[in-house]
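S.K.: The structure that follows is given in the form of structure tokens.
2 protein chains.
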Amino acid sequence: MTRSADRNHDITRVAVSTVIFTVRRTGDAISLSLPLVRRTRDPHEGQWALPGGWLDISESLDAAASRTLAETTGLQPSYLEQLYAFGAVDRSPSRVVSIVYWALLRQDDVDAQVAAHAAAGDAPENVAWFDATDLPGLAFDHNDIVDYALWRLRNKVGYSRIAHGLLADEFTLAELREVYEAILRRRLDPANFRRQAEGSGTLIPTERFRTGSHRPARLYRYNRDVELADHGPLGVRA
Amino acid sequence: MTRSADRNHDITRVAVSTVIFTVRRTGDAISLSLPLVRRTRDPHEGQWALPGGWLDISESLDAAASRTLAETTGLQPSYLEQLYAFGAVDRSPSRVVSIVYWALLRQDDVDAQVAAHAAAGDAPENVAWFDATDLPGLAFDHNDIVDYALWRLRNKVGYSRIAHGLLADEFTLAELREVYEAILRRRLDPANFRRQAEGSGTLIPTERFRTGSHRPARLYRYNRDVELADHGPLGVRA
DNA sequence: TCAAAAGTGTTGCGTTTACACCCATGT
DNA sequence: ACATGGGTGTAAACGCAACACTTTTGA
């Protein structure tokens, strides 16, 4: 903390953060939730913030997003896309330009991670999951960033099929519909939703069924021939 | 160029560039064109590149885009929106993260600038206008960036009314339609275009008419109550 | 008066929306 | 048997594309 810390006063540093969405069952409804990390140093020590970190000199922006994501959650997102570059002068005491990504996490992956942590007894103290629409006051401008990410998610769900990225490999149409309803915050007609989903060409029906309640529901699988991830303007696969 | 130049080997610098679109009449058709600057130093000396520059320590990203735009073209764009942050490790010899914006310029503003430069005799040698769909090989990854900006423009034109940003204050529906046709690269039905434009609520008919050829066409004005510029995720007015 | 662009009317088609209805299963 | 969600059918409403048609000017 001698020379390099002093130098932070007159250089612009580049950080990468990610808004990671997943779905969570709370009672009979499902809701969007996201993981936050508690800051352990100034500025904003003790407040919740988006997971992220500094960009390394020899890694691309995409790679930095994946790396910081893995370091905090230990998981690969099913979808990752650049959101926006935030660079207001006063958003941090030192000058920081944040390249923010947003990501989707599969429900089963989240479960697997939680179970693994519980078994290993290393449940991270500084990570917690929050309801995306009911957040506390976050560090920096992160509340605005989450709001913008939510807006992008709601928009994108309207003209693409990314919502699959929040579910396990196999899912019923009702489960998929509930995800859409949680994101769009309105009820969808099951009959019409079914026709639209089946007609999109992105769903492959299986011969397996989800049983347990009333009439068994057919399980579907996402057609991976159709691209899920956004490979960015350069079409590069990270 | 002593110590700071040496230091560029191990720091990441932030640059800002802008893809600036305008429309140009070539014969009886109109086409999208954009200004490029010839590089006067390595890397890529002599090649054409997007206007831009380094981010100052005490200016926001938006301000840097506006400033570098003014320094090269001397104009205020009618629309300015962040496009994407490019950060591949090998896109430049030293490590550079470029925050790229895209912008629209009014046709009459371009004319005014050209006339002013001609009168003052200071027509910039290093700036030239190119057809957006027929560019030479540009410096860095700027060809990819322009392609992406074109894609965004075409997309955005489909669900918003930003095309006005390319025309003068008053315009006929035929002129507006020609702009759409140039961007979307297909003919539009004049009758249906008229209904859609009038029904959008963003056009104010005037009592003035464009005369000269056949039946005079009513001039319209853009309704500035409807926001043209994208104020970004934070809703901030630059 | 004629060509050509401005502007209006009408029709057909495909998509979405609303909702009635049947099917299959656990309790 | 019956309640409940799974799944199908159908008709009205809406938006959009195609195109015939009228209007108004300059030449």
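First to last, the protein sequences are chains E and G. Residue numbering for the first sequence follows this note's numbering, starting at 351 and increasing by one per position. Residue numbering for the second sequence follows this note's numbering, starting at 351 and increasing by one per position. By construction, the Cβ of each residue, glycine as well, lies at the ideal position given by its N, Cα and C atoms.
(1) On the DSSP bridge list, what partners appear for Arg571(E)?
(2) Identify the residues that DSSP records as bridge partners of Ser442(G): which are they?
(3) The alpha helix (DSSP H) with Thr423(E) in it runs from where to where?
(4) Would you call the CB atoms of Ala365(E) and Leu488(E) closer than 8 angstroms?
(5) Please list, in chain order, the chain G residues whose beta carbon lies closer than 7 angstroms to that of Ile592(E).
(6) Tell me which same chain residues have a C-beta within less than 8 angstroms of the C-beta of Ile554(E), skipping the five on either side of it?
(7) Measuring straight from C-alpha to C-alpha, what distance separates Phe543(G) and Gly582(G)?
(8) Could you tell me whether any Cβ in chain E is nearer than 8 angstroms to the Cβ of Gly508(G)?
(9) Run through DSSP, which three-state label would Arg535(G) get?
(10) With a threshold of 8 angstroms on Cβ separation, who are the neighbours of Leu516(G) within its own chain once the five nearest residues in sequence on each side are excluded?
(11) In this structure, how does DSSP classify Arg391(E) when only helix, strand and coil are distinguished?
(12) Listed from N- to C-terminal order along the chain, which residues in the segment 423-437 of chain E have their beta-carbon within a distance smaller than 9 angstroms of any beta-carbon of chain G?
(13) Evaluate contact between the segment 490-502 of chain G and the segment 410-426 of chain G, counting only Cβ atoms and requiring at least three cross-stretch pairs below 8 angstroms.
(14) Between Asp519(G) and chain E, is the shortest Cβ-Cβ distance under 8 angstroms, so that the two count as touching?
(15) Quick check: is the beta carbon of Pro393(G) nearer than 8 angstroms to any beta carbon in chain E?
(16) When the cut-off is 8 angstroms and only beta carbons count, does Pro566(G) lie next to chain E?
(17) In angstroms with no decimal places, state the Cα-to-Cα distance between Leu526(G) and Val460(E).
(18) Measuring only between beta-carbons, confirm whether Leu584(E) sits less than 8 angstroms from chain G.
(19) Could you pull the DSSP bridge partners for Leu384(E) from this structure?
(20) So what's Ile512(E) in DSSP terms, helix, strand or just coil?
(21) With distances taken between CB atoms, is the gap from Asp360(E) to Ile407(G) smaller than 8 angstroms?
(22) Against chain E, does Tyr498(G) count as a neighbour if the rule is that its beta carbon must be under 8 angstroms from one of theirs?
(23) Of the choices Thr552(E), Ala468(E) and Thr483(E), whose alpha-carbon is the least far from that of Tyr509(E)?
(24) Could you give the C-beta distance for Trp479(G) and Pro385(G), rounded to a whole number, given that I count them as a contact under 8 angstroms?
(25) The segment 408-419 of chain G: which residues have C-beta closer than 9 angstroms to a C-beta of chain E, in chain order?
(26) Which residue wins for smallest C-alpha separation from Asp494(E), given the options Arg417(E), Ala435(E) and Thr556(E)?
(27) Does any residue of chain G bring its CB to less than 8 angstroms from the CB of Ile512(E)?
M.R.: Straight from the coordinates:
(1) Glu520(E) and Ile554(E)
(2) In DSSP, Ser442(G) forms no bridge with anything.
(3) Leu411 to Thr423
(4) no
(5) The requested residue 592(E) is not part of the displayed model; chain E covers only 351 to 588.
(6) Tyr570, Arg571, Tyr572 and Asn573
(7) 29 angstroms
(8) no
(9) coil
(10) Phe371, Thr372, Val373, Ser428, Leu454, Leu455, Arg456, Gln457 and Val529
(11) coil
(12) Gln432, Leu433, Tyr434, Ala435, Phe436 and Gly437
(13) no
(14) no
(15) no
(16) no
(17) 50 angstroms
(18) yes
(19) Phe480(E)
(20) helix
(21) yes
(22) yes
(23) Thr552(E)
(24) 5 angstroms
(25) Ser408, Glu409, Ser410, Leu411, Asp412, Ala413 and Ala414
(26) Ala435(E)
(27) no
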